[in-house]
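The structure appears below as structure tokens.
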Amino acid sequence: MATNSRIEWTEATWNPVAGCSIISPGCTNCYAMRMAARLEMMGQEKYSGLTRRSGGRPKWNGRVRLDENALDIPRMWKTGRMIFVNSMSDLFHEDVPLEHVKRVFEIMEGCPQHTFQVLTKRSSRLLELSDRLDWPANVWMGVSVENSDFKFRIDHLRLTRAAMKFLSLEPLIGDVGSLALSGINWAIAGGESGPGARPMRPEWVRSIRDQCIASSVAFHFKQWGGVNKKRAGRILDGRTWDQFPSIAA
């Protein structure tokens, strides 16, 4: 469990679920698959048997493991922090039972000192379960959109009862075009990184930034990405973009 996350837009990660399956092109080079395989080699039973080798690289095999022992971890962190929920899975994966999702939400509601960032590609199930969940104000709900083919996820997000809604436009592997940003509080954009990273064009990012400015949506540019993301950096038009939404949004 990472208490000092290297992800630019969060502070810690919490994984009450491990494992996933590939659902769209944005999953192709998912860092979590590589990390799960590495953690298994390090002897972490939680990640054992969750990936397979394909094309010389680890890929999700579709197995999902619920981690009951991880549920209470946020309660142990007394000082408030921003927590990315399930960096190594998807809380709305079809094999995560509703009761487990509810337990995660109960923990989040019971830890008002924290802000929880939940991110999914499975927006259809998110919408299906939305009315069956209690949505505390400290839960930020987001969807991943990697190109224009998946903008429907934004429409699903907008229909949920989450108080704060955000977009993760990463890995950005295509132009998303015009975005309907009504009801959206925050947008993160970033290029793919690591082995096999697909290129991102500057005009795609500028379009997102400009639309966010026009709609008064907080904009955060995470990275240009590439094989060496540190060298590529995260400067866009002479500056960093580290905006966050208002907690009261």
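Position 172 (the sequence shown) corresponds to 184 in the numbering used here; numbering is contiguous.
Using N, Cα and C, we set each Cβ at its ideal position, and we do this for glycine too.
Using a Cβ-Cβ distance cut-off of 8 angstroms, the region 141-149 and the region 170-179 are in contact, since at least three pairs of beta carbons, one from each stretch, lie closer than that value. Per DSSP, reduced to three states, the secondary structure at R64 is strand.
Under DSSP, the beta-bridge partners assigned to P70 are R65. Apart from sequence neighbours up to five positions away, the residues of its chain that approach F104 with a beta-carbon distance below 6 angstroms are T132, R134, R137, L138, ordered along the chain.
Assignment of alpha helix (DSSP H) within the region 163-189, counting only whole runs of 4 or more residues, yields 164-170 in chain order. In this structure the region 47-59 does not lie against the region 85-97, because fewer than three pairs of beta carbons, one per stretch, are closer than 8 angstroms.
Between I19 and the set A201, H126, V151, the nearest pair of CA atoms involves A201. Counting C-beta atoms within 10 angstroms of its own C-beta, V76 has 16 or more neighbours from the protein chains shown and is therefore classed as buried.
The beta carbon of G195 sits closer than 7 angstroms to the beta carbons of R170, K177 from its chain, once the five residues preceding and following it are set aside; these are given in chain order. Taking the Cα positions, R243 is about 13 angstroms away from G203.
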